[in-house]
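Down below is the structure, laid out as structure tokens.
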Amino acid sequence: MDKLTFGATIERIRKERFMSQKQLAAGICTQAAISRIEKGLVYPKIDTLYLIATKLDVPIDYFIDVLTNTHRAERNAFISMMEDLLAEQKFEKIYPIVEEHLENDDGNDYWLAEFMRWLYHLSSFHTERTTLEEAVLRLKKLLDKNENNAEMQGQLYKRINNSIAYLLATNGQYDTSLYYFEKVLKKKEELEHVKPTLQADIFRIRVMYNKAKTLFDMGSFEESLKTIEEGIEESLNRENMSLLGQFYYYKGQCYEQLNYKEDEIRECYQKALFFFETLDKKLYSRLIWQHKKQYL
Numbered sequence: 001m002d003k004l005t006f007g008a009t010i011e012r013i014r015k016e017r018f019m020s021q022k023q024l025a026a027g028i029c030t031q032a033a034i035s036r037i038e039k040g041l042v043y044p045k046i047d048t049l050y051l052i053a054t055k056l057d058v059p060i061d062y063f064i065d066v067l068t069n070t071h072r073a074e075r076n077a078f079i080s081m082m083e084d085l086l087a088e089q090k091f092e093k094i095y096p097i098v099e100e101h102l103e104n105d106d107g108n109d110y111w112l113a114e115f116m117r118w119l120y121h122l123s124s125f126h127t128e129r130t131t132l133e134e135a136v137l138r139l140k141k142l143l144d145k146n147e148n149n150a151e152m153q154g155q156l157y158k159r160i161n162n163s164i165a166y167l168l169a170t171n172g173q174y175d176t177s178l179y180y181f182e183k184v185l186k187k188k189e190e191l192e193h194v195k196p197t198l199q200a201d202i203f204r205i206r207v208m209y210n211k212a213k214t215l216f217d218m219g220s221f222e223e224s225l226k227t228i229e230e231g232i233e234e235s236l237n238r239e240n241m242s243l244l245g246q247f248y249y250y251k252g253q254c255y256e257q258l259n260y261k262e263d264e265i266r267e268c269y270q271k272a273l274f275f276f277e278t279l280d281k282k283l284y285s286r287l288i289w290q291h292k293k294q295y296l
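Going by the UniProt record's numbering, 83 is the number at position 83 of the sequence shown; the sequence numbering is gapless.
Structure representation (structure tokens):
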């Protein structure tokens, strides 16, 4: 947790008891040690904390709750920061953060360490520090390592599968890519949240989009269209617009390949443009005007 916050909590309670640092320290530790704790320079050992809590007439559970809750808040804030960097694909910023974190990992948070290893392998590839083949191999090893780990059998495990599928698809290994997409999508149960803005249902929609795009790239237009329809339905059911523009764009692409009527194709691209503009996705709006202007 934040040592400053913890130290300030002890200082506040001590002053509420009209107690000096010297009085609190008596029989426990030195006054200098209490001063260092209150300034947020160090944490007290658990036996010292017990004696401090007893003298302040505060249950030790109170301090443990403060420690736990503050640590959880900091942990979630850190994960949220990393998620934001990932969403913006700022891999050059991600790489040094995860590298330093893994070098200093104390082994006390297994899930977070594996989360950072996942980001390490992704950022290593996207910053050209490793090859696609090596990145896929390392991600597969990460999956194998955690296959029977109950702590990992949730959204992170599925996101690693999705990363492997995506990388394989970019390398033209479509059949193997689809195998990993299907591993992610085969179960619909609610998964744990990594952070409030990355809920399991939204992640599922992303995977459906990646699968649809891969099927389109394979030339499996009917199968791609089927997945697109499922993705649109899921998005509407979840009241989530984030990928509706992309779904309708690829629906239009499939309609073109399958020789649908021009009006039906036009409707898809117009809907895609509507969502791109509504969500202020300027790059996508520009691309659709450049490549599908005849339908707008």
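The C-beta atom is built at its ideal place from N, Cα and C for all residues, glycine as well.
Comparing C-alpha positions only, which one of L296, S235 and Q246 sits nearest to D263? Numbered from its first residue, the sequence shown carries residue 263 at position 263. Closest in alpha carbon position to D263, among L296, S235 and Q246, is L296.
If distances are taken between C-alpha atoms only, which option among A272, V42, I60 and R159 comes closest to L49? Position 49 of the sequence shown, counted from the start, is the residue given in the question as residue 49. Nearest of A272, V42, I60 and R159 to L49, Cα basis: I60.
In whole angstroms, give me the CA-to-CA distance for D65 and K3. Residue numbering aside, residue 65 sits at position 65 when the sequence shown is read from its first letter. Residue numbering aside, residue 3 sits at position 3 when the sequence shown is read from its first letter. C-alpha separation (whole angstroms): 14 Å.
Quick one: grab the DSSP three-state call for F274. Along the sequence shown, read from residue 1 onward, the residue named residue 274 stands at position 274. If DSSP states are grouped into helix, strand and coil, F274 belongs with the helices.
Could you tell me if I46 is buried or exposed, where buried requires 16 or more neighbouring beta carbons within 10 angstroms of its beta carbon? Position 46 of the sequence shown, counted from the start, is the residue given in the question as residue 46. Label assigned to I46: exposed.
Report buried or exposed for K145, applying the criterion of at least 16 other Cβ atoms within 10 angstroms of its Cβ. As a working note, residue 145 is residue 145 in the sequence shown. Counting Cβ neighbours within 10 Å, K145 comes out exposed, since fewer than 16 surround it.
CB L112 to CB R72, shorter than 8 Å? For the purposes of this step, residue 112 is taken as residue 112 along the sequence shown, with counting starting at 1. For the purposes of this step, residue 72 is taken as residue 72 along the sequence shown, with counting starting at 1. No, Cβ-Cβ distance for L112 and R72 is not below 8 Å.
Neighbour-count burial assignment, N108, 16 or more Cβ in a 10 Å radius: For the purposes of this step, residue 108 is identified with residue 108 of the sequence shown, where counting begins at 1. N108 is exposed by the Cβ-count criterion.
DSSP three-state assignment for N108, whether helix, strand or coil: As a position in the sequence shown, residue 108 is number 108, starting the count at 1. In this structure, N108 counts as coil in the three-state DSSP scheme.
Using only alpha-carbon positions, find the residue among K90, Y248, R286 and R17 that is nearest to I232. If you number the sequence shown from 1, residue 232 lands on position 232. Nearest to I232 by alpha-carbon distance, out of K90, Y248, R286 and R17, is Y248.
Would you mind sorting Q155 into buried or exposed? The rule is 16 or more other CB atoms within 10 Å of its CB. Residue mapping note: residue 155 aligns to position 155 of the sequence shown, counting from 1. So Q155 counts as buried.
From the DSSP output, in three-state form, read off Y95 for me. Taking the sequence shown and counting its residues from 1, the one referred to as residue 95 is at position 95. If DSSP states are grouped into helix, strand and coil, Y95 belongs with the helices.
So what does DSSP say about G252, is it helix, strand or coil? As a first step, residue 252 must be located in the sequence shown, where it is residue number 252. Helix.
Where P196 falls, given that 16 or more other Cβ within 10 Å makes a residue buried: The residue labelled residue 196 in the question sits at position 196 within the sequence shown. Residue confidence for P196 is low, a pLDDT of 39 falling below 50, so the modelled location carries little weight; the figure read from the coordinates is stated next. So P196 counts as exposed.
Return the Cβ separation of I288 and K251 in integer angstroms, given the expectation that the two are a contact with Cβ distance under 8 Å. The residue you call residue 288 lines up with position 288 of the sequence shown. The residue you call residue 251 lines up with position 251 of the sequence shown. Contact doesn't hold; Cβ gap of about 13 Å is too wide.
Let me know if A87 comes out buried or exposed under the rule of 16 or more other beta-carbons within 10 Å of its beta-carbon. Counted from its first residue, the sequence shown places residue 87 at position 87. By the neighbour-count rule (16 or more Cβ atoms within 10 Å), A87 is not buried but exposed.
Quick one: residues in its chain with C-beta nearer than 6 Å to the C-beta of R14, no 5 flanking neighbours on either side, listed in chain order? As a first step, residue 14 must be located in the sequence shown, where it is residue number 14. Excluding sequence neighbours, R14 sits near L24.
Close-in-space but distant-in-sequence residues of the same chain around T130 (CB under 6 Å, 5 per side omitted): Residue 130 sits at position 130 when you count from the first residue of the sequence shown. If the five residues before and after T130 are omitted, its C-beta is found closer than 6 Å to the C-beta atoms of S124, all from its own chain and listed in chain order.
Buried or exposed for L139, going by 16 or more other Cβ atoms inside 10 Å? For the purposes of this step, residue 139 is taken as the residue at position 139 of the sequence shown. L139 is buried by the Cβ-count criterion.
May I have the straight-line CA-CA distance separating A169 from H101, to the nearest angstrom? As a first step, residue 169 must be located in the sequence shown, where it is residue number 169. As a first step, residue 101 must be located in the sequence shown, where it is residue number 101. Their Cα atoms are separated by approximately 30 Å.
Below 8 Å between beta carbons: does that hold for N162 and N210? Position 162 of the sequence shown, counted from the first residue, corresponds to residue 162. Position 210 of the sequence shown, counted from the first residue, corresponds to residue 210. Yes, the pair counts as a contact, with Cβ atoms nearer than the cut-off.
Whole-angstrom distance between G7 and R17, CA atom to CA atom: Position 17 of the sequence shown, counting from 1, holds the residue named residue 17. Position 7 of the sequence shown, counting from 1, holds the residue named residue 7. Roughly 16 Å separates the two Cα atoms.
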